[in-house]
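*Asks:* Can you read through this structure? Questions will come right after.
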């Protein structure tokens, strides 16, 4: 094991980083229903590509409405009263989740290599950060399984009243391509902890780790039908989940545009419960009294982490006027240090964007920044002759009306704006339809608390960025979504509260 940090500022102990697997075999490419592997009803398959070299990795069964129907039917049967899953002790559900965490830990190297090849994620990031977060999340939810309970209520009259926190039922879970395995675990762990059954649709760009998890779910001992995994496309498989009359809840992480379609589908079908974690254009506010070295580094990581493909990316950096020029200079210097290349190789700090569509969208937004008058300080174009790589890009002299200051870029493009007063920057930071995350860097506790209250965002960081954990609720204000994931708050999204009232002869206090 290796330790990071210092005696005065200890950091978590991280496992040593092994080499990625060189001969990774893709074993699981079929649809997972009832703990069995199925071909698509239509007979269709789709190709999965490595974004670093644009080469085909494999073909995967393409699920659509017919396959979703099969999966929902299996999930509903597993949720029936008297089923092995419904009659299982809550503590046993916790044991199964802990067993699944053990298996993920055992196969950490396989899963991290797969994430790097399938999603262009740096192997070191996948192994140390993503897999570490998956294991911790499973264990956190495992611990909650037998601690979800109702209350007795002192109702007026001769009655005995109590509440039950019951599982909602069949949960459709649609996950994104930027954190395929983390989002898979974020979805299934709280749902299973509370006793639900699930139908998961992984992103078509990155289905491989989700399908591998199917094999581990079976090995862990979850009953058939509790977890079902249907790879496919949003307009077919995703839409089938959203419109399905026998799905009780849908959870989605992805774009605001698709989130609106899912909520509309829920309204037009059975008013299923909906939680959404959507886009962001998060403000990061740097005051002149901040620790400048720390602020530059956190702002850099907060934007460039995973090639900028993060919903929480701090993509609107507001810097107080007295330190603006120095902050820009240091940010350029930091961005220019990057080594781009194969995410499996040591020493590489930036991998590719996920696919051609995202690649072209990012380059188009960079061009819009140039045309609208922002100053391109570095980067600004593609890199290499193969793969979807974009140079780390920094813009200064950005104004709030520019597209790069308003639209979610989802790429390695840093916008740095200038501000003069507290009131001004609060208004500008909140002048967006998004509200996922925000940050403020200052040594003044009064400023920090003022901004923690004033910023319209589900998470506000002070003197840090992207600090997240299984214990902490996460979600958005405004058009960044509804509901929360993780922490105790996240469990509330997967239960229904039932009130039970019993007539008794006489009540005594």
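Numbering (our numbering), first residue to last: 125 to 633.
Ideal Cβ placement from N, Cα and C applies to all residues, glycine included.
Using the C-alpha atoms, what's the distance from residue 295 back to residue 209?
*Replies:* Working through the chain shown from its first residue, we reach residue 209 at position 85. Working through the chain shown from its first residue, we reach residue 295 at position 171. Cα-Cα distance, rounded: 15 Å.
*Asks:* For residue 557, count the other beta carbons within 10 Å of its own beta carbon; 16 or more makes it buried, fewer makes it exposed. Which is it?
*Replies:* What you label residue 557 is simply residue 433 of the chain shown in a count that begins at 1. Counting Cβ neighbours within 10 Å, residue 557 comes out exposed, since fewer than 16 surround it.
*Asks:* Using CA coordinates, which residue listed in 546, 398, 365, 405 is at the minimum distance from residue 443?
*Replies:* Translated into positions along the chain shown, residue 443 becomes position 319. The residue with the shortest Cα to Cα distance from residue 443 is 546.
*Asks:* Can you tell me whether residue 483 is helix, strand or coil according to DSSP?
*Replies:* Translated into the one-based positions of the chain shown, residue 483 becomes position 359. Helix.
*Asks:* What is the DSSP secondary structure of residue 506, counted as helix, strand or coil?
*Replies:* On the chain shown, position 382 is the one that residue 506 refers to. It is a strand residue.
*Asks:* Might you give, ordered along the chain, the residues of its own chain that have their beta carbon closer than 7 Å to the beta carbon of residue 284, omitting 5 neighbours on each side?
*Replies:* Reading the chain shown from its first residue, position 160 is the one you call residue 284. For residue 284, where only same-chain residues beyond five positions count, the Cβ hits under 7 Å are 626, 628.
*Asks:* Start and end of the alpha helix (DSSP H) containing residue 366?
*Replies:* Residue 366 sits at position 242 when you count from the first residue of the chain shown. Segment 363-367, the alpha helix (DSSP H) holding residue 366.
*Asks:* For residue 288, which beta-bridge partners are listed by DSSP?
*Replies:* Within the chain shown, residue 288 is the residue found at index 164, counting from 1. The partner list for residue 288 (beta bridge, DSSP) reads 622.
*Asks:* Taking the C-alpha atoms as reference points, what is the distance between residue 137 and residue 256?
*Replies:* The residue labelled residue 137 in the question sits at position 13 within the chain shown. The residue labelled residue 256 in the question sits at position 132 within the chain shown. One C-alpha to the other measures close to 11 Å.
*Asks:* Which whole-angstrom value describes the C-beta separation of residue 156 and residue 353, a residue pair presumed to lie in contact below a C-beta threshold of 8 Å?
*Replies:* Reading the chain shown from its first residue, position 32 is the one you call residue 156. Reading the chain shown from its first residue, position 229 is the one you call residue 353. Yes, they are in contact, since the Cβ atoms of residue 156 and residue 353 sit about 4 Å apart, within 8 Å.
*Asks:* Using beta-carbon positions only, say whether residue 305 and residue 262 come within less than 8 Å of one another.
*Replies:* Within the chain shown, the letter at position 181 stands for residue 305. Within the chain shown, the letter at position 138 stands for residue 262. In this structure, residue 262 does not lie closer than 8 Å to residue 305 by Cβ.
*Asks:* Just how far apart, CA to CA, sit residue 373 and residue 245?
*Replies:* Residue 373 sits at position 249 when you count from the first residue of the chain shown. Residue 245 sits at position 121 when you count from the first residue of the chain shown. Straight-line Cα distance between these residues: approximately 30 Å.
*Asks:* Relative to the C-alpha of residue 141, which candidate in 576, 517, 461, 247 has its C-alpha closest?
*Replies:* One-based indexing of the chain shown puts residue 141 at position 17. For residue 141, the nearest C-alpha among the options comes from 247.
*Asks:* State buried or exposed for residue 126, treating a residue as buried only when at least 16 other CB atoms are found within 10 Å of its CB.
*Replies:* If you number the chain shown from 1, residue 126 lands on position 2. With a pLDDT of only 42 at residue 126, under 50, the local geometry of the prediction cannot be trusted, and the value read off the model is given with reservation. Exposed, by the Cβ-count rule.
*Asks:* Going by Cα to Cα distance, which pick from 166, 507, 342, 408 is closest to residue 220?
*Replies:* Residue 220 sits at position 96 when you count from the first residue of the chain shown. The candidate whose alpha carbon is nearest that of residue 220 is 342.
*Asks:* Using DSSP bridges, identify the partner residues of residue 561.
*Replies:* Counting from one through the chain shown, the residue named residue 561 turns up at place 437. BP columns for residue 561 point to 583.
*Asks:* Who are the Cβ neighbours of residue 602 in its own chain at under 7 Å, not counting the five residues just before and after it?
*Replies:* Working through the chain shown from its first residue, we reach residue 602 at position 478. So the list reads 557, 558, 559, 580, once near-sequence residues are dropped.
*Asks:* Nearest by alpha-carbon distance to residue 604: which of 531, 371, 552 is it?
*Replies:* Here residue 604 is taken as the residue at index 480 of the chain shown, counted from 1. It is 531 whose Cα lies nearest to the Cα of residue 604.
*Asks:* Just curious, the alpha helix (DSSP H) that residue 215 is in, first and last residue?
*Replies:* Counting from one through the chain shown, the residue named residue 215 turns up at place 91. That run of the alpha helix (DSSP H) goes 214-230.
*Asks:* Cutting at 7 Å between CB atoms, please list the residues of its own chain near residue 199, excluding the five before and the five after it.
*Replies:* If you number the chain shown from 1, residue 199 lands on position 75. These residues qualify, in order along the chain: 294, 321, 322, 323, 349, 352.
*Asks:* Report back the beta-carbon spacing between residue 705 and residue 301 to the nearest angstrom; my notes put them in contact at under 8 Å.
*Replies:* The first residue shown for the chain is 125 and the last is 633, placing residue 705 beyond what the model contains.
*Asks:* Taking the alpha-carbon positions, what's the residue 593 to residue 611 distance?
*Replies:* Sequence index remark: in the chain shown, residue 593 carries index 469 (1-based). Sequence index remark: in the chain shown, residue 611 carries index 487 (1-based). Going from the Cα of residue 593 to the Cα of residue 611 covers about 8 Å.
*Asks:* Between residue 582 and residue 561, is the Cβ-Cβ spacing less than 8 Å?
*Replies:* By 1-based counting over the chain shown, the position of residue 582 is 458. By 1-based counting over the chain shown, the position of residue 561 is 437. Going by C-beta atoms, residue 582 is nearer than 8 Å to residue 561.
*Asks:* Since residue 514 and residue 486 should fall inside the 8 Å C-beta cutoff, what is the C-beta to C-beta distance between them, to a whole number of angstroms?
*Replies:* Translated into the one-based positions of the chain shown, residue 514 becomes position 390. Translated into the one-based positions of the chain shown, residue 486 becomes position 362. Yes, residue 514 and residue 486 are in contact; Cβ-Cβ is about 6 Å, under 8 Å.
*Asks:* Specify the secondary structure class of residue 128 as computed by DSSP and reduced to three states.
*Replies:* In the chain shown, the residue the question calls residue 128 occupies position 4. Its pLDDT being 44, under 50, residue 128 is placed unreliably by the model, and the measurement read from it follows with that caveat. Residue 128: strand per DSSP, three-state reduction.
*Asks:* Along the chain, where does the beta strand (DSSP E) that runs through residue 407 open and close?
*Replies:* If you number the chain shown from 1, residue 407 lands on position 283. 407-410 is the span of the beta strand (DSSP E), which, as asked, contains residue 407.
*Asks:* Please report the distance separating the alpha-carbon of residue 407 from that of residue 585.
*Replies:* As a first step, residue 407 is located in the chain shown; it is residue number 283 there, counting from the start. As a first step, residue 585 is located in the chain shown; it is residue number 461 there, counting from the start. Approximately 11 Å between the Cα atoms of the pair.
*Asks:* Starting from residue 161, trace the beta strand (DSSP E) both ways and give me its first and last residue.
*Replies:* Position 37 of the chain shown holds residue 161. Unbroken beta strand (DSSP E) run through residue 161: 160-162.
*Asks:* Strictly by DSSP, which residues pair up with residue 540?
*Replies:* What you label residue 540 is simply residue 416 of the chain shown in a count that begins at 1. For residue 540, which the question treats as bridged, DSSP gives the partners 441.
*Asks:* Short check: CB of residue 233 to CB of residue 145, under 8 Å?
*Replies:* Mapped onto the chain shown, residue 233 falls at position 109. Mapped onto the chain shown, residue 145 falls at position 21. Contact: yes.
*Asks:* Between residue 218 and the rest of its own chain, which residues show a CB-CB distance below 7 Å, the 5 nearest in sequence each way excluded?
*Replies:* Translated into positions along the chain shown, residue 218 becomes position 94. Around residue 218: 266, 267, 269, 270.
*Asks:* Helix, strand or coil: which one does DSSP assign to residue 447?
*Replies:* The residue given as residue 447 occupies position 323 in the chain shown. Residue 447: helix per DSSP, three-state reduction.
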